[in-house]
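To keep things clear, I will list the structure first and then write my remarks on it.
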Amino acid sequence: MTDAQNAEAETTDLPEQMQVRRAKRDRIIAAGGEAYPVHVKRTHEIADVKASYEHLEAGEETQDVVSVAGRVVFVRNTGKLCFATLQDGTGERLQVMLSLAEVGEERLDAFKADVDLGDHMSATGRVIRSRRGEISVFATEWALAAKALRPLPTLHKDLSEESRVRQRYVDLIARPLARDTVRNRSRMVQSLRESLHSRGFIEIETPMLQTQAGGAAARPFITHMNAFDIDLYLRIAPELFLKKAVVGGIEKVFEINRNFRNEGVDSSHSPEFSMLEAYEAYGDYDTMGNLTREIIQGAAEDVCGSAVVTLADGSEYDLSGKWEELTVYGSLSEALGQEITPETPVEALDRLCDAAEISVDPARVNHGKLVEELWEHYVGDHLTQPTFVRDYPVETSPLTRDHRTKDGIVEKWDLYVRGFELATAYSELVDPVIQRARFEQQARMAAQGDDEAMGLDEDFLTAMEHAMPPAGGMGMGIDRLLMALTGLGIRETITFPLVKPE
RNA sequence: GCGCCUCUAGCUCAAUUGGCAGAGCAGCUGACUCUUAAUCAGCGGGUUCUGGGUUCGAGUCCCAGGGGGCGUACCA
Numbered sequence: 000m001t002d003a004q005n006a007e008a009e010t011t012d013l014p015e016q017m018q019v020r021r022a023k024r025d026r027i028i029a030a031g032g033e034a035y036p037v038h039v040k041r042t043h044e045i046a047d048v049k050a051s052y053e054h055l056e057a058g059e060e061t062q063d064v065v066s067v068a069g070r071v072v073f074v075r076n077t078g079k080l081c082f083a084t085l086q087d088g089t090g091e092r093l094q095v096m097l098s099l100a101e102v103g104e105e106r107l108d109a110f111k112a113d114v115d116l117g118d119h120m121s122a123t124g125r126v127i128r129s130r131r132g133e134i135s136v137f138a139t140e141w142a143l144a145a146k147a148l149r150p151l152p153t154l155h156k157d158l159s160e161e162s163r164v165r166q167r168y169v170d171l172i173a174r175p176l177a178r179d180t181v182r183n184r185s186r187m188v189q190s191l192r193e194s195l196h197s198r199g200f201i202e203i204e205t206p207m208l209q210t211q212a213g214g215a216a217a218r219p220f221i222t223h224m225n226a227f228d229i230d231l232y233l234r235i236a237p238e239l240f241l242k243k244a245v246v247g248g249i250e251k252v253f254e255i256n257r258n259f260r261n262e263g264v265d266s267s268h269s270p271e272f273s274m275l276e277a278y279e280a281y282g283d284y285d286t287m288g289n290l291t292r293e294i295i296q297g298a299a300e301d302v303c304g305s306a307v308v309t310l311a312d313g314s315e316y317d318l319s320g321k322w323e324e325l326t327v328y329g330s331l332s333e334a335l336g337q338e339i340t341p342e343t344p345v346e347a348l349d350r351l352c353d354a355a356e357i358s359v360d361p362a363r364v365n366h367g368k369l370v371e372e373l374w375e376h377y378v379g380d381h382l383t384q385p386t387f388v389r390d391y392p393v394e395t396s397p398l399t400r401d402h403r404t405k406d407g408i409v410e411k412w413d414l415y416v417r418g419f420e421l422a423t424a425y426s427e428l429v430d431p432v433i434q435r436a437r438f439e440q441q442a443r444m445a446a447q448g449d450d451e452a453m454g455l456d457e458d459f460l461t462a463m464e465h466a467m468p469p470a471g472g473m474g475m476g477i478d479r480l481l482m483a484l485t486g487l488g489i490r491e492t493i494t495f496p497l498v499k500p501e
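As structure tokens, this is what we get:
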């Protein structure tokens, strides 16, 4: 078969509407026209035209000629006068009017024959406001900019959840909130970067492919490198490399980039997610707390115009001012009506877990794990206002410095916003001898079956042995910050989330 | 991973007890020089997710598999 015959055989299986559009494309090209020209006239953005001519009265006409371009989202054909609504990438829409008198019979007939909903087109003509009050370009000429071979979905109904993520480009065409989310995310990330740069932080990029996945407790994705014939891990956190940068004298450093964790997927977890990590030499977890609050409030101002944000369900959430602070042991003791301290034996904690019907993986039972489970059950699950939760047990925080005055706990806080963990920070552990001991403790936990225990990283320890200055470090989920600012689920905040192949 | 719900035209959804597979938008043909999801007349369009089974007869009931959603567990 020839290529043309192959193409013919393929197209006969297509839905009617796609066959019709392919035929139009072929006909346009066969007649010497262009279905996908390299260039069409565009002198003005749609939003500019609408803003500049807002003052026109209904029926008022100007002699100002503009060329606009966009996707055709509505067509109304009333015979010798046709109306098309063009939409550009911002979602702004502008009406184009094509009359027999202005464009001529040949071009008007061509418009009716060739242009479908979903096509891109350009129109040139005078700016007027129609008798019915719509700012319009009264076309003297028009050109197809790109022929759509598939129909647009019904724009007046919501797309199904599945189509939204599988074909996000259609979602972006059809749904204003989808467009806003992409723009809000960009604005938010820009705000974070500007806030950090203005405070003297510099942004670096550390390896995504690592010989050992470290810096967090999570199962990694594994891949293979052919050149060295070794397995590599997609990073679960940039922490260890950023600390090496601090050792090297990059005193205020941050990275905004992707992490990969081979774990569950739900409305607040994605296998790849974006993370901000920032480290400040001569800082501690208190300085990081102030920094974190300031950059979050700055992002809220820049994205939402206020530190009191309005969520997708219409409710308001207040991120302004100072935030609540509580300690893990203090708040848990209060909730239980019983003093819990780092000295509370595992057996007692175990009984409390049983009483609360909390089941803990037996491979991971230790004081710290049980305290955290109890804390989440009795305190964490009930937090709604922005809250810094401070001073965690040492077992679950192997990279964190011991508390300066309290035994058995470390200088770490987690920031809870709307009940989920948004950020975490440490006074960083910088003593290489203690760090080695912590890694060895993790190794013992791994040997007992804890598959999330951290591995011992000699390369990192070597760096620490060159002396890392005292430092504060912070990590924050970028997707989660957008969730906090908008009330959306994580798959709505990620433009192209991973979807199972069909 | 487990539990519940769901999958029908390009899109969004109907279909009574198991009895001819439908609507709106979109598409095609025609009419219409101020329409706003234009209107009017007419016409097309289906592997009912896939594979088995029960039945005279399956979109509907049963079994297996796949996609999606929600809840739950681990994790940020």
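Once you know that position 313 of the first sequence is 312 in numbering that gives the first Met the number 0, the rest is easy, because the numbers rise by one and skip nothing. Cβ atoms here follow ideal geometry from the backbone N, Cα and C, with glycine treated the same way.
- Taking 3 residues as the shortest admissible run, the stretch 208-248 contains the following complete beta strand (DSSP E) segments, listed from N- to C-terminal end: 221-224, 229-233.
- When the five nearest sequence neighbours on each side are left out, the beta carbons in the same chain lying within less than 6 Å of the beta carbon of Lys411 are those of Tyr391, Ser396, Thr399, Tyr425, in order along the chain.
- Scanning Ala147, Asp63, Met96 for the CA closest to the CA of Thr77 turns up Met96.
- For Phe110, the number of other beta carbons within 10 angstroms of its own is at least 16, and it is reported as buried.
- Taking C-beta atoms as the reference points, Thr222 and Asp230 count as a pair closer than 9 Å.
- Residue environment: Tyr52 is assigned as buried (16 or more neighbouring CB atoms within 10 Å of its CB, all protein chains considered).
- Take Ser330, set aside five residues on each side of it, and the residues of its chain with a beta-carbon closer than 6 Å to its own are Val378, in chain order.
- The three-state secondary structure of Glu346, taken from DSSP, is helix.
- Taking C-beta separations shorter than 6 Å and ignoring five residues to either side along the sequence, the partners of Asp317 in its chain run Val307, following chain order.
- In chain order, Arg24, Ala34, Asp118 place their CB closer than 6 Å to the CB of Lys146, counting only its own chain and leaving out the 5 sequence neighbours on each side.
- Rounded to the nearest angstrom, the gap between the Cα atoms of Glu439 and Leu421 is 29 Å.
- Residue Leu275 holds the alpha-carbon nearest to the alpha-carbon of Leu481 among Ala30, Leu275, His196, Lys499.
- Distance between Ser269 and Arg479, taken at the CA atoms: about 11 Å.
- Taking the Cα of Phe240 as reference, the smallest distance to any Cα among Pro206, Ser273, Val388 is reached at Pro206.
- Here Gly124 carries a strand assignment [DSSP, helix/strand/coil].
- Judged by DSSP in its simplified three-state form, Met482 adopts helix.
- DSSP places Met467 in the coil class of the three-state scheme, outside both helix and strand.
- Under the rule that a run must span 3 or more residues, the beta strand (DSSP E) segments found entirely inside the stretch 360-446 read 386-392, 408-416, 419-426.
- For Ala445, same chain residues with a beta-carbon under 7 Å away, outside a window of 5 residues either side, are Ala452 in chain order.
- Fully contained in the stretch 17-79 are the following alpha helix (DSSP H) runs of length 4 or more, in chain order: 45-51.
- Per DSSP, reduced to three states, the secondary structure at Leu85 is strand.
- Here Arg128 is near Ile134, since their CB atoms are less than 9 Å apart.
- The alpha carbon of Gly474 has as its nearest neighbour, out of Thr123, Arg350, Arg292, the alpha carbon of Arg292.
- Minimum Cα-Cα distance from Leu335 among the listed residues Ala462, Ala355, Asp301 corresponds to Ala355.
- Beyond the five residues adjoining it in sequence on each side, Gly132 comes within less than 8 Å, by CB distance, of Ala57 in the same chain, given in chain order.
- Note: Arg92 is bridge-paired with Gln86 in the DSSP secondary-structure output.
- With fewer than three CB-CB distances shorter than 8 Å, the stretch 479-499 does not count as touching the stretch 454-461.
- Taking Ile249 as the centre and dropping the five residues before and after it, the same chain places the C-beta of Ile201, Ile203 closer than 8 Å to its C-beta, in chain order.
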